[in-house]
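In full-length UniProt numbering, the protein residues as written are 1 to 188.
Beta carbons: idealized from backbone N, C-alpha and C, even for Gly.
Computed from a prediction, not measured in an experiment: that's the story for all the values here.
See the structure below:
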């Protein structure tokens, strides 16, 4: 596998491959997103490549794109769009600011189904977090995906929020080198 790291809009030259990978990764269960969400992702990406700290990794098997990850530095004050309010509610407003603002935020991680189980997702995750400020990285995922939750745990990420027992909502994870990981509450 060849993993290329992008720190700017050069990633947009691969928009078609990113779209295809997004569809392959997220239009199936448990995500069940549709084509419209893949198009929205590409629309957001045009702005995201200009965010402070933007970092992306795109993996190729020969000439075929087989996975990607995107990340950036979380802004201060803590954002209030998308799923950020759920993250702040789970952590508490003060922890959200202290732990997440200024940290490397992983936005998307997608791997083609044919590359599952190859270590590619772990390599992409490492590629976008290797130079995280002071080792501070974080992400959120859906509690509806026990596979994703289990994957991040195996990679040494610490679950910092614990959703309802029905498995609803989002889960915030702190990266393996995040200084607040020891402060994350344990599940009940």
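Backbone CA spacing between residue i and residue j [nearest angstrom]
i           : j           : result
residue 170 : residue 86  : 7 Å
residue 74  : residue 173 : 14 Å
residue 101 : residue 48  : 16 Å
residue 76  : residue 21  : 31 Å
residue 117 : residue 155 : 13 Å
residue 1   : residue 60  : 6 Å
Three-way DSSP call (helix, strand, coil) for residue i in this model
i           : result
residue 67  : strand
residue 158 : strand
residue 147 : helix
residue 114 : helix
residue 49  : coil
residue 75  : coil
residue 21  : helix
residue 184 : coil
residue 55  : strand
residue 141 : strand
residue 40  : helix
Buried versus exposed call for residue i [16 or more other C-beta atoms within 10 Å across all chains shown]
i           : result
residue 184 : buried
residue 109 : buried
residue 186 : exposed
residue 137 : buried
residue 46  : exposed
residue 163 : buried
residue 95  : buried
residue 64  : exposed
residue 13  : exposed
Residues near residue i in its chain [Cβ-Cβ closer than 7 Å; skip 5 each side]
i           : result
residue 157 : 173, 174, 175, 176
residue 19  : 38, 42
Chain-order list of residues whose beta-carbon lies under 6 Å from that of residue i (same chain, five-residue window excluded)
i          : result
residue 57 : 3, 5, 69, 124, 127, 128
residue 51 : 72
Nonlocal neighbours in the same chain, by C-beta distance under 8 Å from residue i, ignoring five residues either side
i          : result
residue 97 : 76, 77, 78
Do the region 17 to 37 and the region 72 to 92 make contact, defined as three or more Cβ pairs closer than 8 Å? no
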